[in-house]
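There are 2 protein chains.
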Amino acid sequence: MKKRTFPLEKVYGLIEPGPVVLLSTSRNGRPNVMPMSWHMMMEFEPPLIGCIVSNRNYSFDSLKSSGQCVINIPTIDIADKVVGCGNTSGATVDKFEKFALTCQPATQVDAPLIDECYANLECRVVDTKMLAKYCMFVVEVVQAWIDPRVKKPQTIHHLGYGKFMIAGETVKLKSKMR
Amino acid sequence: MKKRTFPLEKVYGLIEPGPVVLLSTSRNGRPNVMPMSWHMMMEFEPPLIGCIVSNRNYSFDSLKSSGQCVINIPTIDIADKVVGCGNTSGATVDKFEKFALTCQPATQVDAPLIDECYANLECRVVDTKMLAKYCMFVVEVVQAWIDPRVKKPQTIHHLGYGKFMIAGETVKLKSKMR
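Sequence order for the protein chains is A and B.
In terms of the numbering used here, the first sequence opens at residue 2 and continues consecutively.
In terms of the numbering used here, the second sequence opens at residue 2 and continues consecutively.
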């Protein structure tokens, strides 16, 4: 793995633009992964991320019982794998094998880093009060990794029913927003 | 206004890709607006959106006391206005006048639609249980508007400290994801 650690106080800049992410979990030693688009930053540091994971997804129970996950951020070059992960269930398929995704061990949590993703956020669940009503987990990023070779990540952004926007050009404006 | 109503069940496709939005509110007959990037879809229909609004923002009290807002989605052509709204406070500035933004009356809520934005979502606050801990409002979209002339909206996506990604090309993949 060619990745470097990434400062936790900068994590918001990865999540805030709204990329589809791959949520990886592990249960009884068996890893699983699903695409997720319903997430938001909730705090800068330590970085808190709100995540909606439907209880119809196989990953829901893994995340609930383990309290740990990795948020992996893919780019357009593996979009077919991302879509494949969304069209299958971990209940019947080993998605890592089927879609040739490479697991790497995380350092802080028991869930795999996906090597093909340019950034990986190791997370722990810190609040489940919104779980019953909204299927919402609040997770804290405890360790972040980034591939320094990826300068302008072409993240993908779900527009519904298989239509995705690919991250385009960047501009610098005179914003005082953090 | 050249806008048409937009089906509530399709609203998620506007918010899910993570655009910077302009949150407009009204208090004592005085409208205000701020940019917001920390939001996520929480339910398809009726559409629920989670929003983090810092209590250091002037809009926080307006939203809390009125329980109503409009989420307006801007594109790159008014990025300077969006940034201007983020660099000033409604406590001292009439942002609509300063940045030449046009208010239109909403139909369901007491907060203005911003005409220069290609989509406008009229919202009511439906849950404030996460307000004390996370400054998180859950709002329900009760009426949505879209400019049918805007086919490929070049939304802007905040990457931190004034750097923005502009929505790029779109692709259609064989996803079964809604």
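Ideal Cβ placement from N, Cα and C applies to all residues, glycine included.
Here the structure is a predicted model, which means the values were calculated and not measured.
| task | Assign residue 19 (chain B) to buried or exposed, taking buried as 16 or more other Cβ atoms, counted over all protein chains shown, within 10 Å of its Cβ. | result | buried
| query | Expressed to the nearest angstrom, what Euclidean distance is found between the alpha-carbon atoms of residue 30 (chain B) and residue 115 (chain B)? | reply | 16 Å
| message | Distance check for residue 133 (chain B) and residue 183 (chain A), CA to CA, integer angstroms please. | response | Residue 183 (chain A) cannot be examined here, being either before or after the span of chain A that is shown, 2 to 179.
| request: Could you list which residues in chain A have their beta carbon closer than 9 Å to that of residue 135 (chain B), in chain order? | output: 43, 44, 49, 51, 128 and 139
| field | Span of the beta strand (DSSP E) around residue 160 (chain B) | value | 157-161
| task | Please say whether residue 72 (chain B) and residue 124 (chain B) have beta carbons closer to each other than 8 Å? | result | yes
| query | Quick one: what's got a C-beta closer than 6 Å to residue 111 (chain A)'s C-beta in the same chain, skipping five residues either side? | reply | 27 and 69
| Within chain B, partners of residue 68 (chain A) - CB distance below 9 Å | Under the 9 Å cutoff, chain B gives no residues; its nearest Cβ is about 19 Å from residue 68 (chain A).
| query | Residues bridged to residue 104 (chain A) by DSSP? | reply | A:115
| said: If the criterion is Cβ atoms closer than 8 Å, does the pair residue 178 (chain A) and residue 39 (chain B) meet it? | reply: no
| Are any of the Cβ atoms in chain B nearer than 8 Å to that of residue 38 (chain A)? | yes
| field | Continuous beta strand (DSSP E) stretch holding residue 53 (chain A): start and end | value | 49-53
| Helix, strand or coil: which one does DSSP assign to residue 173 (chain A)? | strand
| the stretch 3-23 of chain A in contact with the stretch 141-154 of chain A per 3-pair CB rule at 8 Å | yes
| Residues near residue 157 (chain B) by beta carbon distance below 8 Å, same chain, minus five either side | 20, 21, 75, 76, 77, 80, 83, 165, 166, 167 and 168
| field | Alpha-carbon spacing of residue 102 (chain A) relative to residue 96 (chain A), whole angstroms | value | 8 Å
| task | Figure out for me which residue from B:154, B:159, B:16 and B:25 has the closest Cα to the Cα of residue 48 (chain B). | result | B:16
| query | What are the residues that DSSP puts in a beta bridge with residue 86 (chain B)? | reply | In DSSP, residue 86 (chain B) forms no bridge with anything.
| task | Grab me the residues of residue 59 (chain B)'s own chain with a C-beta within less than 7 Å of its C-beta, minus the 5 sequence neighbours each way, in chain order. | result | 33, 90, 91 and 92
| message | Looking at the secondary structure, which residues open and close the beta strand (DSSP E) in which residue 138 (chain A) lies? | response | 137-147
| Roughly how many angstroms separate the alpha carbons of residue 11 (chain A) and residue 140 (chain A), rounded to a whole number? | 16 Å
| request: Classify residue 162 (chain A) as buried or exposed, calling it buried when 16 or more other Cβ atoms lie within 10 Å of its own Cβ. | output: exposed
| query | Going along chain A, which residues have a C-beta under 8 Å from residue 179 (chain B)? | reply | 161 and 162
| Quick one: Cα of residue 87 (chain B) to Cα of residue 160 (chain A), how far? | 26 Å
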